[in-house]
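One structure below.
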Amino acid sequence: MKTISFINMKGGVGKTTSVVEVATVLVKDHDKRVLIIDIDPQTNATFSFIEYDDWQKNVEQNTIADVLGMNKHLSSRRDEYDINKAVIKNVSDIVGLDLISSHLSLTFLDLDLSAQAGREMILSRQIKKLEEEYDYILIDCPPNLTLAPQNALVASDYIITPIIPDFYSFLGLPLLKNRVDRLNRDLNIDVEFLGCLFTRVERTVNLHSEFMPKIRNICEEYGIYDFKTIVPKNIKLSEASSSNSPARVAFPDSTGVSAYKTIVNEMLRKLGEL
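Using full-length UniProt numbering, you'd call the opening residue of the sequence shown number 1 and step up by one each time.
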């Protein structure tokens, strides 16, 4: 089982869309068993698959907040929440694609667990219980490095950073790399950058054409792989995100889906699985 966190310090970069589409392509086109963990309190990945009423059925006791020891659940080794309770099976009727939904209360995770020893290790310990269940776990992280994404990184083998080719990404990528390196040292972990993924690209926009090669140069400087396939700005990807169904299912012939299929092939080759 491989665990991959999708993270960027900047929001609005297509991070959730990338998690959703990569996961669905892995299941539909490569027969992989995949779990998505939505660790972002914005809950975008959650509502990419399930409707509000279905989320409400789980929200009191079966979300990632419970897995991490919030909502009155203990997170000690001796008496901790059973992560299997939080798994929603076969989301959007996609057999083999499961979800652990998010919760707005994750905003207060740092406060609630401030006195807990080993609080960065909770998710890592929990997902070890799922090693026989999945080929991949993909984690949708918020745009920061607070306790929730720290748990994600400790639990992960790899990081993918979706990135829009603009000035802010040009500035932010070195910061993210340096902070991840520091977490590796401070927490004695070894999460690796699997690569940077260009998303929402408009080749006719001069800014994108200007900054894409600059960011590729930064990737080379910092030893970060940059995916050769880019994700174009595509209306079908946006429409799918509000329909509780991935674009891979709703719009399988769209240019956005075609890009993600190629990206998954590129990812699997890099991991030695294709």
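No residue lacks a Cβ here, since even glycine has one placed at the ideal position from N, Cα and C.
- With contacts defined as CB atoms closer than 7 Å, K236 and R200 fail to qualify as a contacting pair.
- Here R248 is buried: its Cβ has 16 or more other Cβ atoms, across all protein chains shown, within 10 Å.
- Burial check for K32: the Cβ neighbour count within 10 Å reaches 16 or more, so the residue is buried.
- Residue state for Y52 is assigned as helix, using DSSP reduced to three classes.
- With a contact defined as Cβ atoms closer than 8 Å, V20 and A45 qualify at about 6 Å.
- Between L183 and L153 the beta-carbon gap is near 6 Å, inside 8 Å, which marks them as a contact.
- By a beta-carbon distance limit of 8 Å, V67 does not contact Y52. Their separation comes to about 21 Å.
- Here DSSP, grouped into helix, strand and coil, assigns E80 to strand.
- By the Cβ-count criterion, P162 is buried, with 16 or more other Cβ atoms from all chains shown falling within 10 Å of its own Cβ.
- Rounded to the nearest angstrom, the Cβ distance from P41 to L104 is 5 Å, consistent with a contact under 8 Å.
- With contacts defined as CB atoms closer than 7 Å, Y158 and L35 fail to qualify as a contacting pair.
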